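Peer 1: Please read through the structure below; I'll follow up with questions.
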Ligand SMILES: *Cc1c(COP(=O)(O)O)cnc(C)c1O
């Protein structure tokens, strides 16, 4: 993956061939982690994070089969989804969503991974109600407690019980987190374990907990560990797309 390419000169089929190698290799690693954890491949959904690449690359990647794509900026989500309409892509919002961008994001997005406050959750519900849709989302939890990270504090989540039960047009289906960035995926393990344990406690101690089926955790550097810890959604970008940023 550290290879240098002259992207300007690559044809569509050359790009697609490279994407296929990356995807095959990723699938192999996902399968390996699933089997190590005694889980079935169908329990883990791959959300390909396309934030660094152009619609051209996304289209070529889509032709290989994957259809769940994640973007972390609302404006990019809007423009890419418009350009790639009709290709059967399911878009996921995985980054900071400002409340004034909820209205345009809801119609496009199948799952919002990054609900980081009660105010955002209320806004999503209000807007979903207005639009006559059901929004689906995950609560982003700052499980490592790093200052720089967004997300709810773990001990804050249970207090949303009344709020969540009162939502008319939004389903809270799980939790999402990001582990601290390091070179060693094993440092992520306790954080992923903690997210799963938090989910288990919420299932016992809250009324909304019964619906928390999803754990969105694991990126290019640590998805294998995340799968072993129970991830249902892994969000993988650079493992698939590094070097293709200019194509
Ligand atoms: C960019 C991003 C990812 C993917 O990260 P990679 O290390 O490139 O796989 C996953 N989740 C979020 C929230 C991101 O912003």
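In the working numbering, the protein residues as written are 1 to 247. C-beta atoms are modelled at their ideal positions from N, C-alpha and C, and glycine is treated no differently. On a predicted model such as this, the values are computed, not experimentally measured, just so you know.
Taking C-alpha atoms, which residue in 217, 161, 22, 233 lies nearest to residue 240?
Peer 2: As a working note, residue 240 is residue 240 in the chain shown. Of the listed residues, the one whose Cα sits closest to residue 240 is 22.
Peer 1: Got a sec, what are the start and stop residues for the beta strand (DSSP E) residue 49 sits in?
Peer 2: For this step, residue 49 is matched to residue 49 along the chain shown. Where residue 49 is concerned, the enclosing beta strand (DSSP E) stretches over 45 to 49.
Peer 1: Assuming residue 44 contacts residue 232 under a Cβ cut-off of 8 Å, what Cβ separation, rounded to an integer in Å, is found between them?
Peer 2: Counting from one through the chain shown, the residue named residue 44 turns up at place 44. Counting from one through the chain shown, the residue named residue 232 turns up at place 232. With a Cβ gap of about 6 Å, residue 44 and residue 232 count as contacting.
Peer 1: Under 5 Å from any heavy atom of ligand 1, by CB: list those residues in chain order, please.
Peer 2: After applying the 5 Å Cβ criterion, the set is 49, 72, 94, 219, 220, 235, 236, 237, 238.
Peer 1: Check the DSSP bridge columns for residue 69 and list the partner residues they point to.
Peer 2: Taking the first residue of the chain shown as position 1, residue 69 is located at position 69. DSSP, once it has assigned bridges, lists 48, 91 as partnering residue 69.
Peer 1: Starting from the C-beta of residue 219, find all residues in its chain whose C-beta is less than 6 Å away, skip the five residues before and the five after it, and write them out in chain order.
Peer 2: Counted from its first residue, the chain shown places residue 219 at position 219. Correct list, in chain order: 235.
Peer 1: In angstroms with no decimal places, state the Cα-to-Cα distance between residue 203 and residue 24.
Peer 2: Within the chain shown, residue 203 is the residue found at index 203, counting from 1. Within the chain shown, residue 24 is the residue found at index 24, counting from 1. In a straight line, the C-alpha of residue 203 is about 36 Å away from that of residue 24.
Peer 1: For a test of the three-state rule: what should DSSP assign to residue 140, helix, strand or coil?
Peer 2: Sequence index remark: in the chain shown, residue 140 carries index 140 (1-based). Strand, per DSSP.
Peer 1: Once the 5 residues before and after residue 288 are set aside, which same chain residues still bring their CB inside 6 Å of it?
Peer 2: What the structure shows of the chain is the stretch from 1 to 247, and residue 288 is not part of that stretch, so it cannot be assessed.
Peer 1: Measuring straight from C-alpha to C-alpha, what distance separates residue 171 and residue 198?
Peer 2: In the chain shown, the residue the question calls residue 171 occupies position 171. In the chain shown, the residue the question calls residue 198 occupies position 198. If I take the Cα positions, the gap works out to 18 Å.
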